[in-house]
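*Asks:* Here's a structure for you.
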Amino acid sequence: MSLANTRTPAETALIQRAEGSLAVSDANRQAALEKLRAEGLPSRRVEAWHYTDLRALLGRRPTDAGSVAATSYLSPLLAGSAVVELGAEPSGNDPVAGVHIERSESPLDWNRPVNHLDRDFDTVRVLNTALGATGSSISIADAAQVAAPLELRAEPRSGGSHAFSSVFLGAKSKAVVVERLSPGSSTALSTAVNELTLGDGAEVLWIVDNAKGEGESHLGQLNVRLGADSLLRVFILNAGGAVVRTEIHAVTEGEGADIQIRGVNLLQEGQHVDVTTTLNHLVANTTSTEIFRNVVTGGHGVFQGMIRVAKGAQKTDARLACNSLLLSDEGDFSAKPELEIFADDVQCGHGATAGEINADHLFYLMSRGIPEHTARALLVKAFVDEVVEEIEHEAAVEALEARIDEWLAVERTARKVAAA
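If you want it as structure tokens, here you go:
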């Protein structure tokens, strides 16, 4: 039986969509399309996608345009943000001092050697290129202290939005970047690939706010290279969408580099959310910490976190934790923390926990006259706010806590209705 005869409806739809928008002269996209035709979507047989069987998950979901009513952009997450429309031609002068933005004509190289997932090609990149991603190149000058957050947006399209960006921070520069996944105009798969390079001493706070709508699917990837004494802070909030995978792949290339990743995954019935990270410590004297908090009322969550320490990366200090709060028997969470260490003078650790609300804490609050549903909500909020408050950016903390409060309120209402 030929591969074409075994394709799922989702694979067929993606290939047809890519073929429909392909320019004959676009050799890079043509090659990515050929790879998609040959390999299809990954299944659980592929280790990197074992817990997110994309072939099965997308194969039974609607992929046609128009299944969800069109929506407009959400307001910027942070007040005063400069919005960057990825793939659009910038108009006039650069919107923020020290920041230069250009439309990028060439998609990112999907076929470059991939070292983070131990595969000979990268599914997210292949799809992003084959489906016609458009993007922008953003350069921040040396020593620039960018006051206005940069919010990256991709135009919603009937075939799903597909965007890429290349962001470079010059030496000793500092910026806040928000990647906000707004509700789209269809249930078609959307993709985003972002490349981030930090010069020596640069510092960035990168926020991924997933506000995808019901029934939507999204694959996102952030690839980071860190120079000496640079600081990468990432916060991920997954609170929307049906099938969502967020990948972060970071490489330390200079001594003194520091990676701090925090994330909150809020899952409801019918959702599949996957966060996959690889942190590669290539040089000596670098640090990384990674903490995720997951609240599960339904659906299925996945966390895969790999820390690799190269042979010469002595004095590496790397730690990873994934903590899940299971509030229902209808949901589950799979955690797969991993360490690969090839140096002998390092401090590395990882751990994962899963449990219910602490009965003693609940009793304590209820014994002081707090109703049970309110006491539960307070404990859940405290569980996730702990990592939000580590961001050290007051406006971002307030905005993300508001987003989380909104999700908790909707969830409490749904549970009350179900219990009535």
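The opening residue of the sequence shown carries number 27 in my numbering; numbering runs sequentially from there.
Beta carbons are placed, not taken as given, at the ideal position from N, Cα and C, and that holds for glycine.
Remember, it's a predicted structure, so these values are computed and weren't measured experimentally.
(1) Taking the DSSP output, what are the residues bridged to Phe-389?
(2) List, from N- to C-terminal side, the alpha helix (DSSP H) runs of 4 residues or more that fit wholly inside the region 348 to 424.
(3) Buried or exposed: Val-202, going by 16 or more other Cβ atoms within 10 Å of its Cβ?
(4) Measuring alpha carbon to alpha carbon, tell me which of Ile-317, Glu-128, Thr-78, Lys-362 ends up nearest Met-332.
(5) Please return the same chain residues whose Cβ sits closer than 6 Å to the Cβ of Arg-288, not counting the five positions on each side in sequence.
(6) If you measure between the beta carbons of Arg-345 and Thr-315, is that distance less than 8 Å?
(7) Give a yes or no on contact between the region 241 to 251 and the region 171 to 183, applying the rule of three or more CB pairs nearer than 8 Å.
(8) According to DSSP, is Asn-119 part of a helix, a strand, or is it coil?
(9) Here's a check: name, in chain order, each residue in its chain whose Cβ is nearer than 7 Å to the Cβ of Glu-281, leaving out the five neighbours to either side.
(10) Quick check on DSSP: helix, strand or coil for Arg-70?
(11) Measuring CB to CB, does Ile-164 end up less than 8 Å from Val-193?
(12) For Ala-422 versus Leu-176, is the C-beta distance shorter than 8 Å?
(13) Find the nearest neighbour of Ser-162 within the set Leu-62, Ala-440, Glu-221, Ala-403, judged by alpha-carbon distance.
(14) Between Ser-191 and Val-219, what straight-line distance do the alpha-carbon atoms span, to the nearest angstrom?
(15) Give the secondary structure of Ala-39 by DSSP, where H, G and I count as helix, E and B as strand, and everything else as coil.
(16) Please report the distance separating the alpha-carbon of Lys-341 from that of Cys-374.
(17) Work out the CA separation of Ala-265 and Ser-393 for me, nearest whole Å.
(18) Mind checking who Gln-171 pairs with in its DSSP beta bridge?
(19) Since Lys-337 contacts Ala-369 with CB under 8 Å, what's their CB separation in whole angstroms?
(20) Once the 5 residues before and after Gly-196 are set aside, which same chain residues still bring their CB inside 8 Å of it?
(21) Quick check: what's the CA-CA separation for Val-94 versus Leu-293?
(22) Given a threshold of 16 other Cβ atoms within 10 Å of its Cβ, counted over all protein chains shown, does Lys-61 qualify as buried or as exposed?
(23) Are Asn-320 and Phe-359 closer than 8 Å when you measure CB to CB?
(24) Classify Phe-6 as buried or exposed, calling it buried when 16 or more other Cβ atoms lie within 10 Å of its own Cβ.
(25) Among Asp-148, Ala-440, Leu-67, Glu-45, which one has its Cα closest to the Cα of His-275?
(26) Along the beta strand (DSSP E) that carries Gln-330, what are the first and last residues, could you check?
(27) Do Ser-354 and Gly-377 have their C-beta atoms closer together than 8 Å?
(28) Can you check the region 195 to 272 for any beta strand (DSSP E) of at least 3 residues that lies completely inside it and give the ranges in chain order?
(29) Between which two residues does the beta strand (DSSP E) holding Glu-177 run?
(30) Among Glu-111, Asn-236, Leu-67, which one has its Cα closest to the Cα of Ala-268?
(31) Could you tell me how far apart the beta carbons of His-188 and Ser-216 are, in whole angstroms, since I believe they sit closer than 8 Å?
(32) Counting only the same chain and skipping the five closest in sequence on each side, list residues whose C-beta sits under 6 Å from that of Thr-223.
(33) Give the straight-line distance between the Cα atoms of Asp-371 and Leu-365, rounded to the nearest whole angstrom.
(34) Residue range of the beta strand (DSSP E) that Asn-291 falls in?
(35) Look at Val-152 and Ala-64 and say whether their C-beta atoms are less than 8 Å apart.
(36) May I ask which residues mark the beginning and end of the alpha helix (DSSP H) holding Leu-153?
*Replies:* On the basis of the data shown:
(1) Within the sequence shown, residue 389 is the residue found at index 363, counting from 1. DSSP, once it has assigned bridges, lists no residue as partnering Phe-389.
(2) 385 to 392, 398 to 414
(3) Counting from one through the sequence shown, the residue named residue 202 turns up at place 176. By the neighbour-count rule (16 or more Cβ atoms within 10 Å), Val-202 is buried.
(4) By one-based count along the sequence shown, residue 332 stands at place 306. Ranking the options by Cα distance to Met-332, first place goes to Lys-362.
(5) Position 262 of the sequence shown, counting from 1, holds the residue named residue 288. Same-chain partners within the cutoff: Phe-261, Ile-317, Val-413, Glu-416.
(6) Along the sequence shown, read from residue 1 onward, the residue named residue 345 stands at position 319. Along the sequence shown, read from residue 1 onward, the residue named residue 315 stands at position 289. In contact: Arg-345 and Thr-315 (Cβ atoms closer than 8 Å).
(7) no
(8) As a working mapping, residue 119 is identified with position 93 in the sequence shown. Coil.
(9) Locating residue 281 in the sequence shown gives position 255, counting from the first residue. These residues qualify, in order along the chain: Ala-254, Val-309, Ala-310, Asn-311, Thr-312.
(10) By 1-based counting over the sequence shown, the position of residue 70 is 44. Residue state, collapsed to three classes: coil.
(11) Residue mapping note: residue 164 aligns to position 138 of the sequence shown, counting from 1. Residue mapping note: residue 193 aligns to position 167 of the sequence shown, counting from 1. Contact: yes.
(12) For the purposes of this step, residue 422 is identified with residue 396 of the sequence shown, where counting begins at 1. For the purposes of this step, residue 176 is identified with residue 150 of the sequence shown, where counting begins at 1. Taking 8 Å as the Cβ cut-off, Ala-422 and Leu-176 do not qualify as a contacting pair.
(13) Reading the sequence shown from its first residue, position 136 is the one you call residue 162. Looking at the Cα atoms, Glu-221 is the closest of the given residues.
(14) On the sequence shown, position 165 is the one that residue 191 refers to. On the sequence shown, position 193 is the one that residue 219 refers to. If you take the alpha carbons of Ser-191 and Val-219, they lie about 7 Å apart.
(15) Position 13 of the sequence shown, counting from 1, holds the residue named residue 39. Of the three classes helix, strand and coil, the one that applies to Ala-39 here is helix, per DSSP.
(16) For this step, residue 341 is matched to residue 315 along the sequence shown. For this step, residue 374 is matched to residue 348 along the sequence shown. Taking the straight line joining both Cα atoms gives about 10 Å.
(17) As a first step, residue 393 must be located in the sequence shown, where it is residue number 367. As a first step, residue 265 must be located in the sequence shown, where it is residue number 239. Going from the Cα of Ser-393 to the Cα of Ala-265 covers about 32 Å.
(18) Against the sequence shown, residue 171 aligns to sequence position 145. Answer by DSSP bridge pairing, in chain order: Lys-200.
(19) Numbered from its first residue, the sequence shown carries residue 337 at position 311. Numbered from its first residue, the sequence shown carries residue 369 at position 343. At roughly 6 Å, the Cβ-Cβ gap stays under 8 Å, so Lys-337 and Ala-369 are in contact.
(20) Here residue 196 refers to the residue found at position 170 when the sequence shown is read from its first residue. Here the set comprises Ser-165, Ile-166, Ala-167, Asp-168, Ala-169, Ala-170, Gly-225, Ala-228.
(21) For the purposes of this step, residue 94 is taken as residue 68 along the sequence shown, with counting starting at 1. For the purposes of this step, residue 293 is taken as residue 267 along the sequence shown, with counting starting at 1. Here Val-94 scores only 45 on pLDDT, less than 50, and its place in the model should not be relied on; the value that follows carries that caveat. Spanning the two alpha carbons is a distance of roughly 20 Å.
(22) Along the sequence shown, one-based indexing puts residue 61 at 35. With 16 or more other Cβ atoms within 10 Å, it is buried.
(23) As a first step, residue 320 is located in the sequence shown; it is residue number 294 there, counting from the start. As a first step, residue 359 is located in the sequence shown; it is residue number 333 there, counting from the start. Yes, they are a contact pair.
(24) A question about residue 6 goes unanswered here, because the residues of the chain that appear run from 27 up to 446.
(25) Numbered from 1 along the sequence shown, position 249 holds the residue referred to as residue 275. Here the closest residue by C-alpha is Asp-148.
(26) In the sequence shown, the residue the question calls residue 330 occupies position 304. Element bounds for Gln-330: 325 to 335.
(27) As a first step, residue 354 is located in the sequence shown; it is residue number 328 there, counting from the start. As a first step, residue 377 is located in the sequence shown; it is residue number 351 there, counting from the start. Not a contact, by the Cβ cut-off of 8 Å.
(28) 200 to 207, 216 to 224, 229 to 236, 243 to 252, 257 to 264
(29) Position 151 of the sequence shown, counted from the start, is the residue given in the question as residue 177. Note, Glu-177: beta strand (DSSP E), 176 to 179.
(30) Position 242 of the sequence shown, counted from the first residue, corresponds to residue 268. That would be Asn-236, whose Cα lies nearest to the Cα of Ala-268.
(31) As a working mapping, residue 188 is identified with position 162 in the sequence shown. As a working mapping, residue 216 is identified with position 190 in the sequence shown. Confirmed, Cβ separation roughly 7 Å.
(32) Sequence index remark: in the sequence shown, residue 223 carries index 197 (1-based). Answer for Thr-223: Phe-194, Arg-251, listed in chain order.
(33) Position 345 of the sequence shown, counted from the first residue, corresponds to residue 371. Position 339 of the sequence shown, counted from the first residue, corresponds to residue 365. So the two alpha carbons sit approximately 14 Å from each other.
(34) Taking the sequence shown and counting its residues from 1, one reaches residue 291 at position 265. First-last of the beta strand (DSSP E) with Asn-291: 284 to 293.
(35) In the sequence shown, counting from the first residue as 1, residue 152 sits at position 126. In the sequence shown, counting from the first residue as 1, residue 64 sits at position 38. No. Outside cutoff.
(36) Numbered from its first residue, the sequence shown carries residue 153 at position 127. Unbroken alpha helix (DSSP H) run through Leu-153: 149 to 156.
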